[in-house]
Amino acid sequence: MMEIQESYRDSLGLLNNTSIFSENLVREIVENCCSVLSGKTQNSERIFLKSDIEIQEVHAALLYTFAEFIRNNQTKEDYSIFLRNQCNLRNDLVDEIEHYYGKWNGLIRIQLLNIANHLPHVTDLKWKIDHVVKSNSEETSAGLLYRITLNTETFDEHLQKMVTKALEFSCTSEELQDLVYKLKESVRHLQKLRADN
Amino acid sequence: MLLSINNENKQHLEILTFQSESVIADFCKLTSQFLHHGPNQKRYDTAAQKLEVDVHVIQNCIYGLVHLLMLACKHKLSVHDFKDSVLALGFTNEQESVLTHFYESQHNELHSLIKPNLDEPHYYDMQWRFEVQLGSRSLLEQVTPLVVMNLSLKTTDGKEKENIEHHLIQTDPTNLLHLTNELERALSESRSRHSRKVENIINNL
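In order, the protein sequence lines correspond to chains L and A.
Residue numbering for the first sequence follows my numbering, beginning at 2 and increasing consecutively.
Residue numbering for the second sequence follows my numbering, beginning at 189 and increasing consecutively.
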């Protein structure tokens, strides 16, 4: 079982206080935490504008424990055991939070996975075919010319967010065939590995 | 290979065939100045007076020389072929050696002038490596397959120097398959009936 600091466990224990944490508020906080961790939204202003310090404490503890459990590859059952045994949360609360943990686990994993990816990640491409009719230079031979745009996603250290960049180049039929051949070779290698395992 | 020069340009160059080597060398200088700084009317007037011809004859002769050099560069003519082409225009061996020397001295510069200015990155090579990411600070115990690619693109700068740019990129197996399929589709599209039809029309223009 993972070790979580006592301060976080105490903060999560505040959820048992029904005079502050109604069913709807708990849902709103947990949903916002998942959304923030998966990179879909920022922290909810509605939650942060609330004057209760307990709400912000719970929000921070949920963010930390979700990230830490997913980072350590823990299942939703592990997380619910932690909430039940170490934070002493009521069963209905445990079931509710466990449900969100299971539902958002995949998306949050992807977000955590991307944090260490420094190379631009190719996600899509565009292509078009041109026919060169005439050029002022003898060096450019007439014929087909393919223009390829690779769409890549990369984490911008300066902006501190994912940015999309395009990598553009042109190639002749022979060069495109060479590129496709090499890509197919890598695909074949991957498929062979998958079949072997 | 012999250059094919139209009659108009041949007529423009004809006056040079009657001149001494030193006069041809002067015309080469005028041509060089034309290439670097544009026409110099004052010098053309002086040359016209010396040779007792109309100034337009001098101007056309300079244009004829520029055209001859450009054409030779465009067709990447060797020195040997350039010599033969000049001799075929009616120049003597002595005159030809002055012109050939001028062609050799101007070759590189002229070549950069007629280089295409559409310098877009062009595919050169691609190398790939298959990796499995096992863990990171933000996500422990993972098995994430990745294909890292080194895409080499060729670019040409203004001084006709070729540069190879290396772009390190990566992708996952799903996107790798998507990329491969899309590029294969591009290849097959170029062999489609529509593409071949358009290509035939353009070729017959």
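From the three backbone atoms N, C-alpha and C, an ideal C-beta is built for every residue, glycine too.
Between the options, which has its C-alpha nearest residue i's C-alpha?
i	options	result
Thr-153 of chain L	A:Leu-334, A:Ser-324 and A:Thr-359	A:Thr-359
Leu-180 of chain L	A:Glu-350, A:Thr-362, A:Arg-384 and A:Asn-338	A:Asn-338
Leu-64 of chain L	L:Arg-10, L:Asn-18 and L:Ser-23	L:Arg-10
Arg-120 of chain L	A:Leu-356, A:Leu-257 and A:Asn-363	In the sequence as displayed, the identity of residue 120 of chain L is Leu instead of Arg. Measuring from the Cα of Leu-120 of chain L, the nearest candidate turns out to be A:Leu-356.
Glu-24 of chain L	L:Phe-83, L:Ile-54, L:Ser-39 and L:Arg-91	L:Arg-91
Val-211 of chain A	A:Asp-242, A:Gln-229 and A:Leu-287	A:Leu-287
Thr-155 of chain L	L:Ser-39, L:Asn-115, L:Ile-21 and L:Ile-54	L:Asn-115
Thr-99 of chain L	L:Asp-79, L:Ile-109 and L:Ile-111	Residue 99 of chain L is actually Glu in this sequence, not Thr. Of L:Asp-79, L:Ile-109 and L:Ile-111, the residue nearest in Cα terms is L:Asp-79.
Leu-334 of chain A	L:Leu-194, L:Gln-178 and L:Gly-103	L:Leu-194
Asn-86 of chain L	L:Leu-146, L:Met-3 and L:Thr-173	L:Met-3
Cys-261 of chain A	A:His-382, A:Cys-249 and A:Leu-191	A:Leu-191
Leu-84 of chain L	L:His-159, L:Glu-7, L:Lys-135 and L:Cys-35	L:Glu-7
Ile-149 of chain L	L:Met-163, L:Val-37, L:Lys-185 and L:Lys-129	L:Lys-129
His-310 of chain A	A:Asn-351, A:Asn-388 and A:Ser-208	A:Asn-351
Leu-322 of chain A	A:Val-331, A:Cys-249 and A:Leu-256	A:Val-331
Leu-13 of chain L	L:Gln-43, L:Ser-187, L:Glu-58 and L:Arg-28	L:Glu-58
Ser-39 of chain L	L:Leu-146, L:Thr-173 and L:Lys-104	L:Lys-104
Ser-171 of chain L	L:Gln-192, L:Thr-165, L:Gln-161 and L:Gly-144	L:Gly-144
Lys-217 of chain A	A:Val-243, A:Cys-249 and A:His-200	A:Cys-249
Lys-77 of chain L	L:Tyr-101, L:Leu-26, L:Asn-89 and L:Leu-15	L:Tyr-101
Applying the criterion that 16 or more other CB atoms from any shown protein chain within 10 Å of the CB defines a buried residue, is residue i buried or exposed?
i	result
Thr-368 of chain A	buried
Thr-19 of chain L	exposed
Gln-294 of chain A	buried
Val-95 of chain L	buried
Ala-374 of chain A	buried
Ala-276 of chain A	exposed
Leu-328 of chain A	exposed
Ala-167 of chain L	exposed
Leu-204 of chain A	buried
Less than 7 Å between CB atoms is the rule here; does residue i satisfy it with respect to chain L?
i	result
Asn-363 of chain A	yes
His-295 of chain A	no
Glu-329 of chain A	yes
Ile-390 of chain A	yes
Tyr-311 of chain A	yes
Ser-378 of chain A	yes
For residue i, would you say it is in contact with chain A, using Cβ-to-Cβ distances shorter than 7 Å as the test?
i	result
His-159 of chain L	no
Ile-30 of chain L	no
Lys-185 of chain L	yes
His-122 of chain L	yes
Ser-171 of chain L	yes
Tyr-147 of chain L	yes
Val-133 of chain L	no
Cys-116 of chain L	With the sequence shown as reference, residue 116 of chain L is identified as Ile, and Cys is not the correct amino acid for it. Judged by the 7 Å Cβ criterion, Ile-116 of chain L is in contact with chain A.
Glu-176 of chain L	yes
Ile-285 of chain L	Residue numbering for chain L in the displayed model covers 2 to 198; residue 285 of chain L lies beyond these limits and cannot be assessed.
Name the DSSP beta bridge partners of residue i, please?
i	result
His-354 of chain A	A:Ser-340
Ser-171 of chain L	L:Arg-148 and A:His-310
Val-335 of chain A	A:Phe-318 and A:Thr-359
For the ligand PLP, is there a heavy atom less than 6 Å away from the beta-carbon of residue i?
i	result
Leu-160 of chain L	You won't find the ligand PLP in this model; it holds no ligand whatsoever.
> Fully enclosed by the region 105-166 of chain L, which alpha helix (DSSP H) runs are 4 residues long or longer?
Replying inline: Counting only unbroken stretches of 4 or more residues, no alpha helix (DSSP H) element lies wholly within the region 105-166 of chain L.
>> Suppose only complete runs of 4+ residues qualify. What are the alpha helix (DSSP H) ranges in the region 278-328 of chain A, listed by chain order?
In response: List check, alpha helix (DSSP H) in window: 281-301.
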